[in-house]
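Visitor:
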Amino acid sequence: MDHYFEVRLLLDPEFRESTLMNVVFSKLHRALVEQRNGCVGVSFPHSRKTLGDILRLHGNDDDLMQLAGMKWLTVLTDYTHISAVLPVPAEHRYCVVRRVQSKSNIERLYRRSVKKGWLTKVDAEIKKREINNKEYNLKYPFVSIKSSSTGQMFKLFIQQGEVVEMPQAGSFSAYGLSAKATVPWF
């Protein structure tokens, strides 16, 4: 993890920042699936309530050059600026960037309640709609992406952990996330 490059979203009156990040992240996911090495991590240096306008990719020089050479963002050149692959600054710390999932699946809980006879199907559907309307979700920034297996849209919640002094080795998912591996934070 000694190099990085950034994808900066360019403001556009036609698209919200979060919409552009959803598209960029989906394209990155497909490129990481194709690359298949688990050696590229991501971070979002401007993340607050949303993921912000910068997607930073971390890895070694060769892996990042290969990823940059895959041309996964060619259709988005009007909406993004891609930096060169650069060495990580000497002054930096580390951070885990992980996927966060809800401890319980609301759909599964309601199906179980119907099966046990605690709720009728109609009541379960009403409650699910109420919860969806209230945006009963985790309080982390997220990207909305389409599942390639089911075709359904889902929210991928992302947590950037505490900034620490020492790196932690590990591998990264095809989303560039890891439960334990750190990326440089600067």
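If you read the sequence shown in the working numbering, its first letter stands for residue 1484, the second for the next number, and so on. Cβ atoms here follow ideal geometry from the backbone N, Cα and C, with glycine treated the same way. A quick note: this is a predicted structure, and the numbers were derived from the prediction, not measured.
I'd like the list of long-range same chain contacts for Glu1618, defined as Cβ closer than 6 Å, with 5 residues on each side in sequence excluded.
Guide: Model confidence at Glu1618 stands at a pLDDT of 48, short of 50, so the residue's coordinates are unreliable and nothing is read from them.
Visitor: Going by C-alpha distance, which of Leu1547, Asn1543, Val1583 is nearest Phe1640?
Guide: Val1583
Visitor: Locate the alpha helix (DSSP H) running through Lys1510, then write down its first and last residues.
Guide: 1500 to 1518
Visitor: Entirely within the region 1573 to 1661 and at least 3 residues each: give me those beta strand (DSSP E) ranges in chain order.
Guide: Segments of the beta strand (DSSP E) lying fully in the region 1573 to 1661: 1576 to 1583, 1625 to 1629, 1636 to 1643.
Visitor: Going by CA-CA distance only, name the one from Ala1607, Lys1532, Glu1489, Leu1494 that's closest to Leu1547.
Guide: Glu1489
Visitor: Taking only three categories from DSSP, how would you classify Gly1521?
Guide: coil
Visitor: Provide the residue span of the alpha helix (DSSP H) that contains Cys1550, from first to last.
Guide: Looking at the sequence shown, residue 1550 is not Cys but Leu. Leu1550 -> alpha helix (DSSP H) spans 1544 to 1552.
Visitor: Between Gly1521 and the rest of its own chain, which residues show a CB-CB distance below 6 Å, the 5 nearest in sequence each way excluded?
Guide: Ser1654, Phe1655
Visitor: Assuming contact is defined by CB atoms lying nearer than 8 Å, are Ser1566 and Val1666 in contact in what I supplied?
Guide: no
Visitor: Using C-beta distances below 8 Å, list every residue in its chain close to Gly1542, excluding the 5 sequence neighbours before and after it, in chain order.
Guide: Cβ neighbours of Gly1542 beyond the five flanking positions: Met1484, His1486, Tyr1487, Cys1522, Val1523, Gly1524, Leu1550.
Visitor: Below 8 Å on the Cβ atoms is my guess for Pro1650 versus Tyr1562; work out the distance and round it to an integer in Å.
Guide: Contact flag wrong, Cβ pair sits at about 33 Å.
Visitor: Skipping 5 residues on each side, what residues in its chain have a beta carbon closer than 8 Å to that of Lys1604?
Guide: Val1597
Visitor: If Val1516 and Leu1559 are in contact, beta carbons under 8 Å, what's the gap, nearest whole angstrom?
Guide: Between Leu1559 and Val1516 the Cβ distance is about 18 Å, and since that is not below 8 Å, they are no contact.
Visitor: Does DSSP classify Leu1540 as helix, strand or coil?
Guide: strand
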